[in-house]
Structures are given as structure tokens and as C-alpha cells.
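Numbering (this note's numbering), first residue to last: 126 to 184.
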């Protein structure tokens, strides 16, 4: 469900994220949210109206 919602919010189906071996899942999520602020909805479990994701300009 996470990936389906992330794709819906961002409008992209693929991205890369370079991380160090010690990076946690939480750290990865933080990095993704810093690139795609609309993913904050997933972290918070919010079911609000879709916002604009700056990297893709989806509304």
C-alpha cells in the first residue's frame, strides 16, 4: 500500500536513493520526504486532500 500511495502522490514510478550501509528505513523515509514533501501524508497516516508535490507538480 505504501508504494501505491507514494506513486499516486508523486506521479513517478521509479527513483533512486543513495544511502550508506548504516542508513535505517526511517532514515530512507526522511530522505524521500525531503525530496518529495507530499509523502509526509504517508508518514502521518493522514487522509487529507492531495497536495502539490514540488518535484513533480502534481495536484
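Positions of the beta carbon are idealized from the N, C-alpha and C atoms, including for glycine.
Of the candidates 145, 147, 143, 168, the residue whose Cα lies closest to the Cα of residue 154 is 168.
For residue 165, the three-state secondary structure derived from DSSP is helix.
The C-alpha of residue 134 is placed about 21 Å away from the C-alpha of residue 143.
One Cα belongs to residue 150, the other to residue 158, and the distance between them is close to 12 Å.
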